[in-house]
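Presented below is the structure to which this report refers.
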Amino acid sequence: ERISACDDLLADAEAIRTAVASVDEAVVTLEHLRSDDASDRDVFDRLRVEAASVARALTDANLDVERLRAAERAGAIVADVPCKGEGPYAACGFLAHAAESRAVAVSLREAPSRVAAIGTMDLELAEKLRAVEERRAGRAMEIAALTDPVTSHRASAARQRAVLLEQAEQRR
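Residue numbers (our numbering): 137 to 308.
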């Protein structure tokens, strides 16, 4: 009976070795995939922080564009009055505010180009985030596909081991 059990085990030896090698390879691949996923998670988190910062900068730049437009409208009043806000009329609060608005408009002239540049950065970051999300989703599917067979093989091996131990105990 013992010889028969050993013969059965030896007959399955090659299949067992192949299965063990396959599981070992899957485990190594899983380790690499999980490591890559952890790296991508870090990249994703860093990109999200950067994207939030860029979004705030874009909001600020858009506000500067609005301030520029308002300052240009307010400053245009000085061009429409015959005195141009000079001489004795320079003390007029209304004209002084218009002159200040022109100065503000000059300081904000770069706002539209900043909006365009920051908007481009925002789009690039969104694309990078999307690419990382896609990589992680694909990797999650690979991990799931490898985890299920490894888990079932380990469970099967544990059951077989338990049967062999039980048979060995019965033989004693």
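Cβ atoms here follow ideal geometry from the backbone N, Cα and C, with glycine treated the same way.
Fair warning: this is a prediction, and the values are worked out from it, not measured in the lab.
How far does the alpha helix (DSSP H) with residue i in it extend, from its first residue to its last?
{"i": "residue 244", "result": "Segment: none, residue 244 is in no alpha helix (DSSP H) and carries neither H nor E."}
Cα separation between residue i and residue j?
{"i": "residue 244", "j": "residue 213", "result": "18 Å"}
{"i": "residue 236", "j": "residue 248", "result": "20 Å"}
{"i": "residue 217", "j": "residue 197", "result": "31 Å"}
{"i": "residue 256", "j": "residue 190", "result": "10 Å"}
{"i": "residue 192", "j": "residue 258", "result": "10 Å"}
{"i": "residue 150", "j": "residue 156", "result": "10 Å"}
{"i": "residue 221", "j": "residue 254", "result": "37 Å"}
{"i": "residue 276", "j": "residue 152", "result": "28 Å"}
{"i": "residue 246", "j": "residue 278", "result": "48 Å"}
{"i": "residue 223", "j": "residue 265", "result": "58 Å"}
{"i": "residue 167", "j": "residue 202", "result": "52 Å"}
Helix, strand or coil: how does DSSP classify residue i here?
{"i": "residue 285", "result": "helix"}
{"i": "residue 264", "result": "helix"}
{"i": "residue 223", "result": "helix"}
{"i": "residue 299", "result": "helix"}
{"i": "residue 217", "result": "coil"}
Answer yes or no: do residue i and residue j have a C-beta to C-beta separation smaller than 8 Å?
{"i": "residue 241", "j": "residue 194", "result": "no"}
{"i": "residue 159", "j": "residue 289", "result": "yes"}
{"i": "residue 250", "j": "residue 176", "result": "no"}
{"i": "residue 187", "j": "residue 262", "result": "yes"}
Counting Cβ pairs, one atom from each stretch, are 3 or more of them under 8 Å apart for the segment 232-251 and the segment 182-189?
Counting Cβ pairs under 8 Å, fewer than three are found: no touch.
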